[in-house]
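Participant: So that we are looking at the same thing, I have put the structure below in structure tokens.
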Amino acid sequence: MSVDKATVAKIASLARIRMDDAALEQMVPELNGILQWVEQLGEVDVTGIEPMAAVIPNTLRLRADVIDADPLTGGGRQGDILANAPAAEHGFFGVPKVIE
């Protein structure tokens, strides 16, 4: 697959990139080189190779899931929080009904 000047102009138009004729001519061989490289990648035998998201193994660093780890933001403060609520119902914030 190869591109010509008209194709590059169409791509530039779709991407809302203004290019003059000299820039269009310069992009034709660059895009053709990229497409040739992609075609070469398609010829590589990858049977038996697992797809991967990164070249190194990544693991998430997780914190311990501890309740009340921080006394200011941890659990066990329901009464303190609901004391500021204009209407508390069954341990939750009471809100006006909006759907009939």
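If you count the sequence shown from 1, position 50 lands on 105 in the numbering used here, and the numbers rise without skipping.
We treat Cβ as the ideally placed atom computed from N, Cα and C, and that holds for glycine.
#1: Under the three-state reduction of DSSP, which class applies to Ala140: helix, strand or coil?
#2: At 3 residues or longer, what runs of the beta strand (DSSP E) sit wholly inside the segment 67-103?
#3: With a cut-off of 8 Å, do at least 3 Cβ pairs link the segment 60-70 to the segment 79-96?
#4: Taking Ile89 as the reference, which of Ile154, Gly149, Ala119 and Ser57 has the closest Cα?
Facilitator: On the basis of the supplied data:
#1: coil
#2: none
#3: yes
#4: Ser57
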